[in-house]
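Student: Protein chains in written order, with my numbering: chain A, 81 to 245; chain B, 81 to 245.
In this text, a Cβ means the ideal position worked out from N, Cα and C, and glycines have one as well.
Please read all numbers here as calculations on a predicted model, not as lab measurements.
Below is a structure I'd like to ask you about.
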DNA sequence: CCCCGTCCCATGATATCCCATGAGAACCCA
DNA sequence: TGGGTTCTCATGGGATATCATGGGACGGGG
């Protein structure tokens with residue numbers, strides 16, 4: 081499945097077009113619908129979410145799971161699949177940002193693409209900066225480090241495999 | 081997995097290129113993506129972190145762990161995967177330091193590579209010296225020693241295996 | 001008939017590739 | 001052990017390809 085990394089800031093031209101970062105395009109190229117990205121408004125931020133066909137397939141399958149509450153399923157179906165817009169890349173690797181989505185995220189002149197592994201987000205650049213600043217405060221305040229997180233996760237994994245035995 | 085040791089200081093040329101120390105390259109050669117290093121800004125220092133594909137895979141897996149809370153996950157996805165830049169080695173074993181990362185670490189003329197086992201860091205040389213001096217002070221003040229650390233760790237391991245039984 | 005969206009081409013900036021060079025380290029042979 | 005030779009490695013510069021971005025042309029739908 082496609083992996084999206086790094087942050088890129090690209091311009092939105094007067095036609096509403098914006099280049100998908102070349103790195104993202106390379107990831108998309110491996111998906112089952114290389115020329116299409118799916119966009120929807122983020123549930124948690126004033127930003128857009130993007131993904132490829134394969135990710136949506138997985139999400140779609142998850143919805144079949146009996147472990148989900150009815151209202152969780154309802155929410156996803158309404159706010160993700162209900163808002164999803166498939167967008168085609170043009171010959172130069174650009175998309176036209178749908179007006180409704182651009183408005184939702186407050187995007188006008190520029191758009192920040194930020195990779196989040198299996199998906200990516202599109203932000204109005206200043207909004208993204210503000211969001212990151214807020215997060216960084218938390219990192220400092222809680223004194224979080226990478227190795228800590230890995231240790232925590234692997235400790236949990238070990239405990240679970242221990243229980244299972 | 082690759083192991084990075086020792087410290088090297090290399091020059092950054094006017095194109096922003098810098099040689100990866102040959103020793104590090106040999107370690108990278110064993111990873112599943114020998115020609116690629118992943119760089120990101122350190123969470124805790126004005127320095128860059130670097131690792132190989134395999135390390136990132138482990139980190140990525142950790143993110144799937146149910147032991148992490150939502151905001152920890154959000155943080156990692158934003159500050160690690162969102163900032164992660166995959167960089168290709170050229171034929172001579174150099175990389176181009178992305179401008180944003182060089183700025184973050186204050187690197188201009190020279191870069192210090194310091195091995196940290198599974199990852200390495202890249203510092204502006206003077207900043208690294210200052211950082212090391214500060215650390216050394218702590219060692220003296222807290223009277224830390226190697227044998228102490230090893231003893232402490234093995235005591236902990238014994239306790240944990242005791243619990244499990 | 002006009003407007004909007006799509007396609008195609010042009011352009012400058014940037015990154016990538018390829019070759020050259022010199023210093024230093026390792027090696028080998030006497 | 002000393003001297004010379006060979007290799008590796010860091011570093012530099014020029015040529016080439018890629019990418020983001022802008023504008024015009026074309027065509028379908030209202």
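Starting from residue 97 of chain A, trace the beta strand (DSSP E) in both directions and tell me its first and last residue.
Tutor: 97–99
Student: For residue 219 of chain A, return the contacting residues in chain B, with the cut-off set at a CB-CB distance below 9 Å.
Tutor: 123, 124, 155, 159
Student: Whole beta strand (DSSP E) runs in the region 89–171 of chain A with 3 or more residues, listed along the chain?
Tutor: 97–99, 116–121, 128–131, 165–168
Student: Closer than 7 Å by beta-carbon distance: list the chain B residues that pair up with residue 119 of chain A, in chain order.
Tutor: Here the premise fails: no neighbours, minimum Cβ distance about 18 Å.
Student: Indicate whether at least one CB of chain A lies closer than 7 Å to the CB of residue 177 of chain B.
Tutor: So no, residue 177 of chain B is outside the interface.
Student: Could you work out which residue in A:133, A:91, A:82 is closest to residue 193 of chain A when comparing CA atoms only?
Tutor: A:91
Student: Can you tell me whether residue 245 of chain B is helix, strand or coil according to DSSP?
Tutor: Confidence at residue 245 of chain B is low in this model, with a pLDDT of 49, below 50, so its placement is unreliable and no value can be given for it.
Student: Under 7 Å Cβ to Cβ from residue 94 of chain A, same chain only, skipping five residues before and after it: list those, please.
Tutor: none
Student: Determine whether the beta carbon atoms of residue 233 of chain A and residue 142 of chain B lie at a separation below 7 Å.
Tutor: yes
Student: Nearest to residue 120 of chain B by CA position, among B:110, B:109, B:136, B:108, is which residue?
Tutor: B:136
Student: With 16 other CB atoms within 10 Å as the buried threshold, where does residue 152 of chain B fall?
Tutor: Burial call: buried.
Student: Measuring only between beta-carbons, confirm whether residue 162 of chain B sits less than 7 Å from chain A.
Tutor: yes
Student: So which of B:99, B:169, B:198 has the shortest CA-CA distance to residue 191 of chain B?
Tutor: B:99
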